[in-house]
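Visitor: What follows is a single structure, and I will ask about it in a moment.
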Amino acid sequence: MVIRPLAYVAESDLEAYAEVKRFPIIPCDLCGSQATLQRKQVKQMLHEWEKLHPGRVDSMFRALSNLTLLAPP
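Under my numbering, the residues of the sequence shown are numbered 346 to 418, in order.
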């Protein structure tokens with residue numbers, strides 16, 4: 346089981362919270378700061394989709410939250 350408690354929190358909200366709490370910025374090669382990571386490319390893709398089709402990203406996350414896992418027969 347994978348637990349990602351902040352998966353549905355907007356990045357801008359996380360940044361604002363970190364600024365209010367004065368969390369230190371720690372440079373890291375593992376946390377997604379490299380320009381060539383797939384995470385950066387997907388972030389850009391989602392941003393472009395949202396510009397072209399407002400509400401699409403929210404719709405995708407809503408669809409993911411309604412999953413029901415069934416045991417195989």
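Heads up, the beta-carbon is just placed ideally off N, CA and C, and yes, glycines get one too.
By the three-class DSSP mapping on this structure, what secondary structure does A361 have?
Guide: Sequence index remark: in the sequence shown, residue 361 carries index 16 (1-based). If DSSP states are grouped into helix, strand and coil, A361 belongs with the helices.
Visitor: Using CA coordinates, which residue listed in L415, P417 and F406 is at the minimum distance from Y353?
Guide: Counting from 1 along the sequence shown, the entry for residue 353 is found at position 8. It is F406.
Visitor: With the cut-off set at 7 Å, would you say W394 and R401 are in Cβ contact?
Guide: As a working mapping, residue 394 is identified with position 49 in the sequence shown. As a working mapping, residue 401 is identified with position 56 in the sequence shown. Contact flag set, yes.
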